[in-house]
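Undergrad:
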Amino acid sequence: MKNIKPSTVHFVGAGPGDAELITVKGMRLLKEAGVVIYAGSLVQKAMLKYCKAGVKLFDSAGMNLQEITSLMVSSAKAGKKVVRLHSGDPSLYGAIREQTVVLDQADIAYAMVPGVSSAFASAAALKAELTMPEASQTVIFTRLAGRTPVPEKESLAGLAAHNATICVFLSSAMISSVVRELKKGYPASTPAAIVYRASWPDEFIITGTLKDIAKKARVAGIKSQAMIIVGRALSKARLGDKKSKLYDTDFRHAFRN
Ligand code: SAH
């Protein structure tokens, strides 16, 4: 088995912001860490109160990749426990790979701890079920191309053809382009929402449809740290006869017969 050495570096999902939304395991690792490198813009400082006295804290906002990785390597080699705190879940837009490649080369063991993605915190803020029966049973996580290109086959217009629930990361500054592309596949009447800083004290929500959401976002001045969610699943219409089969009295499953 690979990686039998105890991990000295942990990539920990901090969750969407609220210090209570880190996992119990993530909190324990923060308590034990000698060095913590966190993404200052998206990780609430309140979370750092879990750290022990004497911990060395580094905001990665002011560091480049080489500085981050050499700090991880030197700290791990000095026998310190390192936590690299990423916003939401580290596996989504976390730029993890470029860090783990360096750890692999230096033969330093690491592990990942999942977190609550901002997509789910945004769904919670909207009190929405992303997979609402008969609206959609599929969720797409995507983004518009920025400095990081998006493969051509994953263009927003192409994804829009599915009419699935779609969560668009890293794109609220380009909301007009997002809407223009999505309208190539979704009806303009499709419900749309933008959640700014889900789970933070200043969280706010804008709801509408593809017709008016871009304008509403512009008026509210939302430019960053926001999740765009679009799809019929956000429909305000009550479930009515669209109840899930799971709790249907005529639907028998392993735990109820
Ligand atoms: N790994 C993170 C995403 C990092 S990319 C996760 O799983 O959530 C950063 C993007 O995530 C932002 O541009 C924004 O689209 C979204 N985001 C991060 N935190 C957010 C929050 N609290 N509320 C809404 N969107 C957020």
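Per the working numbering, the very first residue in the sequence shown carries number 5; after that it's consecutive. Heads up, the beta-carbon is just placed ideally off N, CA and C, and yes, glycines get one too. Please read these numbers as outputs of a predicted model, since none were measured by experiment.
Suppose you measure from the CA of K131 to the CA of I112; what does that come to, to the nearest Å?
TA: Sequence index remark: in the sequence shown, residue 131 carries index 127 (1-based). Sequence index remark: in the sequence shown, residue 112 carries index 108 (1-based). Between K131 and I112, the C-alpha separation is close to 41 angstroms.
Undergrad: With H, G and I counted as helix, E and B as strand and the rest as coil, what does DSSP make of I271?
TA: Since the first residue of the chain shown is 5 and the last is 261, residue 271 is not available in this structure.
Undergrad: I'd like to confirm something about A202: is its beta-carbon nearer than 8 angstroms to some heavy atom of ligand 1, or not?
TA: For the purposes of this step, residue 202 is identified with residue 198 of the sequence shown, where counting begins at 1. Result yes, Cβ under 8 angstroms from ligand 1.
Undergrad: Give the list of continuous alpha helix (DSSP H) stretches no shorter than 4 residues that lie fully inside the region 89-123.
TA: Within the region 89-123, the complete alpha helix (DSSP H) runs of at least 4 residues are 101-109.
Undergrad: May I ask you to check if the CB of H166 is nearer than 8 angstroms to at least one heavy atom of ligand 1?
TA: What you label residue 166 is simply residue 162 of the sequence shown in a count that begins at 1. For ligand 1, not one heavy atom lies less than 8 angstroms from the Cβ of H166.
Undergrad: Mapping DSSP to helix, strand and coil, what is V87?
TA: Against the sequence shown, residue 87 aligns to sequence position 83. Looking at V87 - three-state DSSP - the assignment turns out to be strand.
Undergrad: Using a Cβ-Cβ cut-off of 7 angstroms (strictly less than) and excluding sequence neighbours within five positions of K262, which residues of its own chain qualify?
TA: In the structure as shown, the chain begins at 5 and stops at 261. Residue 262 is therefore absent and cannot be evaluated.
Undergrad: Considering only heavy atoms of ligand 1, does any lie closer than 8 angstroms to the CB of S181?
TA: Along the sequence shown, read from residue 1 onward, the residue named residue 181 stands at position 177. No.
Undergrad: For V183, which of V47, V77, K157 and A218 has the nearest alpha-carbon?
TA: Working through the sequence shown from its first residue, we reach residue 183 at position 179. Ranking the options by Cα distance to V183, first place goes to A218.
Undergrad: Counting C-beta neighbours from all protein chains within 10 Å, is the total for S91 16 or more, i.e. buried, or is it exposed?
TA: Stepping through the sequence shown from its first residue, residue 91 is reached at position 87. Its Cβ being crowded by 16 or more others within 10 Å, S91 is buried.
Undergrad: For P10, count neighbouring C-beta atoms within 10 Å of its own C-beta (all shown protein chains included) and say buried if the count is 16 or more, exposed if not.
TA: Numbered from 1 along the sequence shown, position 6 holds the residue referred to as residue 10. P10 should be labelled exposed.
Undergrad: Going along the chain, which residues of its own chain have a beta-carbon closer than 6 angstroms to the beta-carbon of A23, five neighbours each way excluded?
TA: For the purposes of this step, residue 23 is identified with residue 19 of the sequence shown, where counting begins at 1. Q48, A50 and M51.
Undergrad: Applying the 10 Å Cβ sphere with the 16-neighbour rule, what's the burial state of G150?
TA: In the sequence shown, the residue the question calls residue 150 occupies position 146. Its Cβ having fewer than 16 others within 10 Å, G150 is exposed.
Undergrad: According to DSSP, what are the bridge partners of K169?
TA: Stepping through the sequence shown from its first residue, residue 169 is reached at position 165. It is Thr, not Lys, that sits at residue 169 in the sequence shown. DSSP, once it has assigned bridges, lists V143 as partnering T169.
Undergrad: Quick check on the burial criterion: 16 or more other C-beta atoms within 10 angstroms. Buried or exposed for Q103?
TA: Numbered from 1 along the sequence shown, position 99 holds the residue referred to as residue 103. With 16 or more Cβ atoms within 10 Å of its Cβ, Q103 is classed as buried.
Undergrad: Where do the N-terminal and C-terminal ends of the alpha helix (DSSP H) with I26 fall, by residue?
TA: What you label residue 26 is simply residue 22 of the sequence shown in a count that begins at 1. Taken as a continuous stretch (DSSP letters only), I26 belongs to no alpha helix (DSSP H), as it is neither H nor E.
Undergrad: Is it buried or exposed, S45, if we count other Cβ atoms within 10 angstroms and call 16 or more buried?
TA: By one-based count along the sequence shown, residue 45 stands at place 41. Looking at its Cβ environment, which holds fewer than 16 other Cβ atoms inside 10 Å, S45 is exposed.
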